[in-house]
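Chains as they are written, first to last, in the working numbering: chain S, 1 to 199; chain F, 1001 to 1209.
Here the structure comes first, spelled out in structure tokens, and everything after it is commentary.
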Amino acid sequence: MNKQSLPYTVVFSFIVCFVFVFLLSLTHQATSELVQLNQELRQQRAVLRALAVDFETDDQIRALFADIEAVEYDDMTLYRVQRGGETLYARIFAGSGVWGTINGVLGVDREVTRTVGLEIIDHNETPGLGGRIDEPWFKQQFTDKPLLDGRLEVVREGGTEGQDGKVDAVTGATGTSRSMQTILNRELERLQSVLGGEA
Amino acid sequence: MSDAAKAPGAIMKQNLWTSNPIFMQVLGICSALAVTNLLSNTMIMTIGVVFVTAMSSLTVSLLKSLIPRKVRMVVQTLIIAFYVIIVDIVLRAYLPEISRNLGPYVGLIITNCIIMGRAEAFAQSNGPVLSFWDGMTSGMGYMGVLLTIALVRELLGFGSLFGFQVLPAGFEPWIIMVMPPSAFFLIGLIVWIGKTIMHRQGEPVLEGE
């Protein structure tokens, strides 16, 4: 058979494409459920962290997340949890950072007088600079942080521990810190507008 | 480069050292700049490259007598893309954190010229086992250089190795090491050191081929 002939080339190309694509589809099919689960788990983990709910294993995440109510306000989905006689709310947000979208979850109390926690789901900030918003020290600043006039300020000089409404910025990442301030304040305003009305 | 040396040992020496893909052939530079600021990411990425180069060289070599000349490169690209997507799917399913950190770079392994280069230059004219070995050692040559760069960048940029803090807390991280330009300087240094050592040893050095 002439391997350089047109019919052979066409048939060969077709078979090769078919076989490889078929194998890929099989692999994709076999893992798609797992990929889906990973994504869900990631989001649930972030919501739990933002509401300062403690957990250790992945199974605990699923169990704890089952206790969280998803409630609709206007066109927003809020996650609600009762703790210590208090109702806490969290919302998944998206806002623009320096290089791309920052997705995360912000938790607040019923009257939006303090943040309960912050978790970053994903971001495209510069690793080691803006990317440090995903480090524990940055996120922990938002654990039970009282707000000042319902707002947050990201302060460049640092040393904000114990000060209401102020958190430390990331050194060398002015752009990302400013973006976070904008995103979070817009988020707080939204939460105040839906939650504040019923206080 | 010469493919006259067909002994496994000689192939390995060539791929790891005398015609190392990064510092002698200057291939695969894009990913060398992008994914070398954390050792664990670099490790996973380069393991992916070793796997893809080895498997695609093996597959190209197995199919070489069946592939019509006209569609040779298209078929090679298809084979490479196939293995890269497999790596991507596996990372997504089993190592979601690392998959997220690597972002688009796993998909971009497809465009890594080292893989296509080995398929064209070696697998096309050699047996499957030797091609597999050639692909694997080429990937390892790439891995060695990238890990060296990542070692320096993570140590100076974050003060850690594989995520473990090794430098004292008072250490001021070098921000430049976190950014891609530092990899340029490091690659330059590695090329310089590598070529100097080769000249000392009297090895024939590839010059501007």
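Note that beta-carbon positions come from the ideal geometry of N, C-alpha and C, so glycine has one too.
Residues in its own chain within less than 6 Å of residue i by CB, not counting five upstream and five downstream?
i, result
"leucine 78 (chain S)", "Val71, Tyr89 and Arg91"
"tyrosine 1083 (chain F)", "Val1052, Met1055 and Ser1056"
"threonine 1059 (chain F)", "Ile1079"
"valine 1191 (chain F)", "Phe1023"
"glycine 1202 (chain F)", "none"
"alanine 1123 (chain F)", "Ser1057, Val1060, Ser1061 and Ser1131"
"threonine 1036 (chain F)", "Thr1042, Leu1146, Ile1149, Ala1150, Arg1153 and Ala1183"
"alanine 1004 (chain F)", "Summary for alanine 1004 (chain F): the model assigns pLDDT 49, below 50, so the residue's position carries little reliability; its value from the coordinates is reported in the next sentence. Answer for alanine 1004 (chain F): no residue qualifies."
"glycine 95 (chain S)", "Ile102 and Ile183"
Kindly list, in the order they appear in chain S, the residues whose Cβ is closer than 9 Å to that of residue i.
i, result
"arginine 1072 (chain F)", "In chain order: nothing, as chain S lies at least about 10 Å away."
"asparagine 1037 (chain F)", "Pro127 and Gly128"
Residues of chain F with a CB under 8 Å from the CB of residue i: which are they?
i, result
"aspartate 58 (chain S)", "Here the premise fails: no neighbours, minimum Cβ distance about 11 Å."
"glycine 172 (chain S)", "Ile1175"
"tyrosine 200 (chain S)", "Only positions 1 to 199 of chain S appear in this structure, which leaves residue 200 (chain S) out of reach."
For a quick check, are the C-beta atoms of residue i and residue j less than 8 Å apart?
i, j, result
"isoleucine 1022 (chain F)", "valine 1145 (chain F)", "yes"
"threonine 1137 (chain F)", "methionine 1045 (chain F)", "no"
"asparagine 1112 (chain F)", "serine 1182 (chain F)", "no"
"valine 170 (chain S)", "lysine 145 (chain S)", "no"
"valine 155 (chain S)", "methionine 180 (chain S)", "no"
"threonine 108 (chain S)", "threonine 115 (chain S)", "For the record, residue 108 (chain S) in the displayed sequence is valine; it is not threonine. Yes; because the gap between Cβ atoms is below 8 Å, this pair is in contact."
"glycine 172 (chain S)", "isoleucine 1193 (chain F)", "no"
"leucine 1033 (chain F)", "proline 1180 (chain F)", "yes"
"leucine 118 (chain S)", "glycine 150 (chain S)", "no"
"leucine 24 (chain S)", "isoleucine 1085 (chain F)", "yes"
"arginine 42 (chain S)", "isoleucine 121 (chain S)", "yes"
"glycine 1163 (chain F)", "leucine 1027 (chain F)", "no"
"alanine 1119 (chain F)", "glutamine 1076 (chain F)", "yes"
"aspartate 1088 (chain F)", "asparagine 1015 (chain F)", "no"
"methionine 1140 (chain F)", "valine 1071 (chain F)", "no"
"alanine 1093 (chain F)", "valine 35 (chain S)", "yes"
From the DSSP secondary-structure annotation, give me the bridge partner or partners of residue i.
i, result
"aspartate 1088 (chain F)", "Looking at the DSSP assignment, aspartate 1088 (chain F) forms no beta bridge with any residue, so it has no partner."
"glutamate 69 (chain S)", "S:Arg80"
"threonine 1042 (chain F)", "According to DSSP, threonine 1042 (chain F) bridges with nothing at all."
"leucine 148 (chain S)", "S:Arg151"
"phenylalanine 93 (chain S)", "S:Gly104"
"leucine 1102 (chain F)", "According to DSSP, which records beta bridges pairwise, leucine 1102 (chain F) is partnered with nothing at all."
"glycine 117 (chain S)", "S:Gly107"
"glutamate 86 (chain S)", "S:Arg83"
"aspartate 168 (chain S)", "S:Val155"
"glutamine 163 (chain S)", "Glutamine 163 (chain S) is not bridged to any residue."
"glutamine 1165 (chain F)", "F:Ser1160"
"aspartate 122 (chain S)", "S:Asn103"
Which residues of chain S have a Cβ atom closer than 8 Å to the Cβ of residue i, listed in chain order?
i, result
"glycine 1127 (chain F)", "Here the premise fails: no neighbours, minimum Cβ distance about 19 Å."
"asparagine 1020 (chain F)", "None at all; the shortest Cβ gap to chain S is about 26 Å."
Strictly below 9 Å CB to CB, what residues from chain F border residue i?
i, result
"lysine 3 (chain S)", "Ser1065, Leu1066, Ile1067, Pro1068 and Arg1069"
"glycine 165 (chain S)", "Per Cβ cutoff of 9 Å: no residues; glycine 165 (chain S) is ~28 Å from chain F at best."
"phenylalanine 12 (chain S)", "Leu1066, Ile1067, Pro1068, Val1071 and Val1075"
Which same chain residues end up closer than 7 Å to residue i when comparing Cβ atoms and leaving out the 5 residues on each side of it in sequence?
i, result
"glycine 175 (chain S)", "Val98 and Gly130"
"glycine 1208 (chain F)", "Any answer about glycine 1208 (chain F) is weak, because its pLDDT of 48 lies below 50 and its placement is not dependable; what the coordinates show is given next. Contacts found: none."
"leucine 48 (chain S)", "Phe55, Ile61, Leu64 and Phe65"
Quick one: residues in its chain with C-beta nearer than 8 Å to the C-beta of residue i, no 5 flanking neighbours on either side, listed in chain order?
i, result
"glycine 196 (chain S)", "Glu111 and Val112"
"leucine 1161 (chain F)", "Leu1039, Leu1151, Glu1154 and Leu1155"
"alanine 199 (chain S)", "Any reading at alanine 199 (chain S) must be qualified, since the residue scores a pLDDT of 45, below 50, and its modelled position is unreliable; no value is offered."
"leucine 1091 (chain F)", "Ile1044, Gly1048, Ile1098, Ser1099, Leu1102 and Val1106"
"serine 1002 (chain F)", "Reliability of the predicted coordinates at serine 1002 (chain F) is poor, the pLDDT of 46 falling under 50, and the value obtained from them is presented with this limitation in mind. Excluding sequence neighbours, serine 1002 (chain F) sits near nothing in its chain."
"leucine 1108 (chain F)", "Cys1030 and Ser1031"
"phenylalanine 1132 (chain F)", "Ala1054, Met1055, Ser1057, Leu1058 and Ser1061"
Going along chain F, which residues have a C-beta under 7 Å from residue i?
i, result
"valine 16 (chain S)", "Val1075 and Leu1078"
"aspartate 122 (chain S)", "Arg1100"
"threonine 101 (chain S)", "Simply none; closest approach about 13 Å."
"phenylalanine 22 (chain S)", "The premise fails here: phenylalanine 22 (chain S) is roughly 11 Å from chain F at the closest Cβ pair, so nothing lies under 7 Å."
Quick one: is the Cβ of residue i within less than 7 Å of any heavy atom of the ligand NAD?
i, result
"valine 116 (chain S)", "Ligands displayed in this structure: none; no statement on the ligand NAD is therefore possible."
Interface residues of the region 1078 to 1092 of chain F facing chain S [CB-CB below 9 Å]:
Leu1078, Ile1079, Ala1081, Phe1082, Ile1085, Ile1086, Ile1089, Val1090 and Arg1092
Report the residues of the region 27 to 39 of chain S with a CB closer than 7 Å to any CB of chain F, ordered along the chain.
For the region 27 to 39 of chain S, which is checked against every Cβ of chain F, the residues closer than 7 Å are Thr27, His28, Thr31, Leu34, Val35 and Asn38.
In the region 1161 to 1190 of chain F, which residues sit with their C-beta less than 9 Å from some C-beta in chain S, listed in chain order?
Pro1173, Ile1175, Met1177, Val1178 and Met1179
Taking only beta carbons into account, state which residues of the region 1046 to 1072 of chain F come closer than 9 Å to chain S, listed in chain order.
So the close ones are Leu1063, Ser1065, Leu1066, Ile1067, Pro1068, Arg1069, Lys1070 and Val1071.
The region 1134 to 1163 of chain F: which residues have C-beta closer than 9 Å to a C-beta of chain S, in chain order?
For the region 1134 to 1163 of chain F, which is checked against every Cβ of chain S, the residues closer than 9 Å are Gly1157 and Phe1158.
Chain S contacts from the region 1088 to 1121 of chain F (Cβ-Cβ distance under 7 Å):
Ile1089, Arg1092, Ala1093, Pro1096 and Arg1100
At a Cβ cut of 8 Å, what residues of the region 130 to 146 of chain S count as close to chain F, listed as they run along the chain?
none
Between the region 41 to 54 of chain S and chain A, which residues of the former have CB atoms less than 8 Å from a CB of the latter, in chain order?
The chain labelled as chain A is not found among the protein chains of the depicted structure, namely S and F.
Residues within the region 173 to 186 of chain S neighbouring chain F, beta-carbon criterion of under 8 Å
none
Along the region 56 to 86 of chain S, what residues have a CB closer than 7 Å to any CB found in chain F?
none
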